[in-house]
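Only one structure is covered here, and it is reproduced in the block below.
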Amino acid sequence: MGGGRYYEGALYGRVIEPLQRGLHARVAALVPPGLRVLDACSGAGGLALRLAADARDVVGVDHAPAMVAWAERQRRRAGAAGARARFVAGDVARALAAEGDGAFDLATMVLALHEMPAATRAPALRELCRLAERVLVVDFRVPMPRNAAGLRNRALEVAAGPTHFRAYRDFVRRGGVPGVAAAAGVACAHLRDLDRGAMAAFELTRG
Ligand SMILES: C[S@@+](CC[C@H](N)C(=O)[O-])C[C@H]1O[C@@H](n2cnc3c(N)ncnc32)[C@H](O)[C@@H]1O
Numbered sequence: 011m012g013g014g015r016y017y018e019g020a021l022y023g024r025v026i027e028p029l030q031r032g033l034h035a036r037v038a039a040l041v042p043p044g045l046r047v048l049d050a051c052s053g054a055g056g057l058a059l060r061l062a063a064d065a066r067d068v069v070g071v072d073h074a075p076a077m078v079a080w081a082e083r084q085r086r087r088a089g090a091a092g093a094r095a096r097f098v099a100g101d102v103a104r105a106l107a108a109e110g111d112g113a114f115d116l117a118t119m120v121l122a123l124h125e126m127p128a129a130t131r132a133p134a135l136r137e138l139c140r141l142a143e144r145v146l147v148v149d150f151r152v153p154m155p156r157n158a159a160g161l162r163n164r165a166l167e168v169a170a171g172p173t174h175f176r177a178y179r180d181f182v183r184r185g186g187v188p189g190v191a192a193a194a195g196v197a198c199a200h201l202r203d204l205d206r207g208a209m210a211a212f213e214l215t216r217g
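For the sequence shown, the working numbering begins at 11 and goes up steadily by one.
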C-alpha cells in the first residue's frame, strides 16, 4: 500500500484540494452524464464526488489509506451523489484486476501520473485503458510554462518533498503524459490546455 506522506488526508482535503476545485470543474465538464466512471488516484475524493452528481456511478481508487479515509468521510456527507460513489484502497494497476475489460465507460486520472515512480506508470496506464474505453489524464505540461501558474506548480512540487520532486523530474525527462503514454504503448491525444497552459487534458485509448 502506498502513501505515508505528510500532506495526505486532512491536510490535503482541507488545504490542497480546495485549490483544485476550478480544475475539477473543468475536468467534470469533459465527462458526459450517466456514465460508469473510474477516478484513478482519487486523493481526497472531491473530483469523484463531483462526477457522482451526474454519473451512473463512480469508483475512486487511491493507494494512500489516509486519502481514502478522508474521501469516505466526505462521501458519507454527500447525500445522493455519495450513494453513487465508492472508494477503494489500493494501487490503481492492481486494485480492480477482478473487473472485466471495459467495466467502466470512462476513467479519469488527475495530477497523479507525475508523482508515480517511473516503473509504475506504464502498468497503471495500461490497466486504465483495459478497464475503460476512454481515459482522461490531466497533468502538468512539459515543459512547464514560465508564467505565474507554472512557477506556482513548480513551487508546490518542491514543497511536496524530495521523493515527489524526483518523480516529477523523471516525468519531465520522459516527456510528460505523451512520452509516458508512448512508452506504455497507448494512444494519446491532446484535448486542451488548462491552468494557463501549465496543465493539459489528454485522452488515452488502447493503442
Ligand atoms: C496529487 S494527488 C491528486 C488527487 C486527485 N486526483 C485530485 O485531483 O485531487 C495524487 C494522488 O495519487 C495517488 N496515487 C499515486 N500513485 C498511485 C497508485 N499507483 N495507485 C493509486 N493511487 C496512487 C496518491 O496517493 C494521491 O492521493
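In this text, a Cβ means the ideal position worked out from N, Cα and C, and glycines have one as well. These figures come from a predicted structure and were not determined experimentally.
> beta strand (DSSP E) containing R46: first to last residue?
Replying inline: Where R46 is concerned, the enclosing beta strand (DSSP E) stretches over R46 to A50.
> What distance in whole Å lies between the Cβ atoms of A208 and R151, which are believed to be in contact at a cut-off of 8 Å?
Replying inline: 6 Å
> With 16 as the cutoff for other CB atoms within 10 Å, does A210 come out buried or exposed?
Replying inline: buried
> From this set, L48, G171, E18 and L121, which residue's C-alpha is nearest V148's C-alpha?
Replying inline: That would be L121, whose Cα lies nearest to the Cα of V148.
> What's the C-alpha gap between L135 and T118?
Replying inline: 11 Å
> Among L123, A199, G92 and D180, which one has its Cα closest to the Cα of D72?
Replying inline: L123
> Hey, L61 and V41 are a contact pair by Cβ (cut 8 Å); roughly how many whole angstroms apart?
Replying inline: 6 Å
>> So if DSSP puts H200 in a beta bridge, which residue, or which two residues, is it bridged to?
In response: F212
> First and last residue of the alpha helix (DSSP H) that includes V187?
Replying inline: G186 to A194
> Between F97 and the rest of its own chain, which residues show a CB-CB distance below 8 Å, the 5 nearest in sequence each way excluded?
Replying inline: S52, G55, A58, V69, G70, V71, D72, V78, A81, E82 and R85
>> Using the three-state DSSP reduction, which class does A99 fall into: helix, strand or coil?
In response: Of the three classes helix, strand and coil, the one that applies to A99 here is strand, per DSSP.
> Going along the chain, which residues of its own chain have a beta-carbon closer than 8 Å to the beta-carbon of N157, five neighbours each way excluded?
Replying inline: R206, G207 and A208
>> Nearer than 7 Å: is that true of the beta carbon of T173 relative to any heavy atom of ligand 3?
In response: Among the ligands present in this structure, namely ligand 1, ligand 3 is not found.
>> So within the segment 135-173, which uninterrupted beta strand (DSSP E) runs reach at least 3 residues, ignoring any that extend past its ends?
In response: 142-150
> Who does V68 pair with in a DSSP beta bridge?
Replying inline: V47 and A95
> Where does D115 fall in DSSP's three states?
Replying inline: Here D115 sits in strand by DSSP.
> If you compare alpha carbons, which of G100, T173, L166 and L116 is closest to Q30?
Replying inline: Taking the Cα of Q30 as reference, the smallest distance to any Cα among G100, T173, L166 and L116 is reached at L166.
>> Can you give me the C-alpha to C-alpha distance between Y22 and A191, rounded to a whole angstrom?
In response: 27 Å
> Can we count L121 as close to ligand 1, meaning its CB is less than 7 Å from some heavy atom?
Replying inline: yes
> What is the C-beta distance between C139 and R87, in whole angstroms, given that I count them as a contact (C-beta under 8 Å)?
Replying inline: Contact annotation, C139 with R87: C-beta distance approximately 33 Å; criterion of less than 8 Å not satisfied.
> Does the beta-carbon of H34 have 16 or more other beta-carbons within 10 angstroms, so that it is buried, or is it exposed?
Replying inline: buried
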